[in-house]
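Chemist:
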Amino acid sequence: ENVKDKTTKFLLVRSDVIEQVLNVVDPEFVKQRVQWIRLGEVVEIAEGRTLTVPTPLGHPWFEYRSFPPTGAVYTQALVRWLQEKAKETPALHEKTKIVFYSRSGSTPRRNMNLEMQRLALDVVREKMQQYNRTEELVVYTGRDPTNPEQTMTVKDQFDLF
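Just so we're aligned: the sequence shown equals residues 1469 to 1629 in the working numbering.
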């Protein structure tokens, strides 16, 4: 957000997930400064305007014209922005949670046997008690706790984490 002045617009390829995330983090920023485009769409920049294309100069991936699939080069700026926004949201600091990331049933890869998960959760609960941890223990599956057939919304994930 503070990379450029307040008149700078951002061209972003439309993605439901990215749009949801940005709208949770800063809906006013999205409304005022983001221009969504389709993948492959040609965008014309008006005469007298400038276009800045971020590239990871000096990064070894740039020299080989092969960028990391996660876009990790730009992730640090996004993380800083999310941290700044979280500081501005008092509700996020009211009650901390301990989150156990369940591997059961979410994907065939990295799957955890249900019995092993139960044992791991028992150890977490035991250690919470041993060290007088009063936080709420939440088992995160990626699913909506009220409707397990649905994926948890981006907003609910932000509220949880």
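Where is the CB? At the ideal position from N, CA and C, for every residue including glycine.
Apart from the five residues on each side of it in sequence, which residues of its chain come closer than 8 Å, Cβ to Cβ, to Ile1566?
Modeler: Cβ neighbours of Ile1566 beyond the five flanking positions: Val1592, Met1596, Arg1601, Glu1603, Glu1604, Leu1605 and Val1606.
Chemist: Ignoring anything shorter than 3 residues or poking outside the region 1598–1623, list the beta strand (DSSP E) runs there in chain order.
Modeler: As far as the region 1598–1623 is concerned, its whole beta strand (DSSP E) runs of at least 3 residues are 1604–1608 and 1615–1619.
Chemist: What does the Cβ neighbour count give for Val1481, buried or exposed, with the cut at 16 atoms within 10 Å?
Modeler: Label assigned to Val1481: exposed.
Chemist: Considering only C-alpha positions, which residue in the set Glu1617, Thr1621 and Val1492 is nearest to Ala1554?
Modeler: Among Glu1617, Thr1621 and Val1492, the Cα nearest to that of Ala1554 is on Val1492.
Chemist: Taking only runs of the alpha helix (DSSP H) that begin and end inside the region 1472–1526, which ones reach a length of at least 4 residues, in chain order?
Modeler: 1484–1493 and 1495–1501, all fully within the region 1472–1526.
Chemist: Keeping to the same chain, check which residues put their C-beta closer than 6 Å to that of Val1510; ignore five residues upstream and five downstream.
Modeler: Cβ neighbours of Val1510 beyond the five flanking positions: none.
Chemist: With DSSP collapsed to three states, give me the class of Phe1629.
Modeler: Correct three-state label for Phe1629: coil.
Chemist: Could you say which of Pro1613, Gln1503 and Glu1556 lies nearest to Leu1628 if we only look at CA atoms?
Modeler: Nearest C-alpha to Leu1628: Pro1613.
Chemist: Quick check: what's the CA-CA separation for Pro1512 versus Gln1500?
Modeler: Note that residue 1512 corresponds to Glu in the displayed sequence, not to Pro. The straight-line gap from Cα to Cα measures roughly 19 Å.
Chemist: Just to confirm the assignment, what range does the beta strand (DSSP E) spanning Lys1563 have?
Modeler: No beta strand (DSSP E) holds Lys1563; DSSP gives it neither H nor E.
Chemist: Distance check for Val1498 and Ile1486, CA to CA, integer angstroms please.
Modeler: So the alpha carbons of these two residues sit roughly 11 Å apart.
Chemist: For Thr1564, I'd like the list of residues in its chain whose CB is within less than 6 Å of its CB, leaving aside the five on either flank, ordered along the chain.
Modeler: The answer, listed in chain order, is Glu1603.
Chemist: So is Asp1494 buried or exposed if we call it buried at 16+ other beta carbons inside 10 Å?
Modeler: With 16 or more Cβ atoms within 10 Å of its Cβ, Asp1494 is classed as buried.
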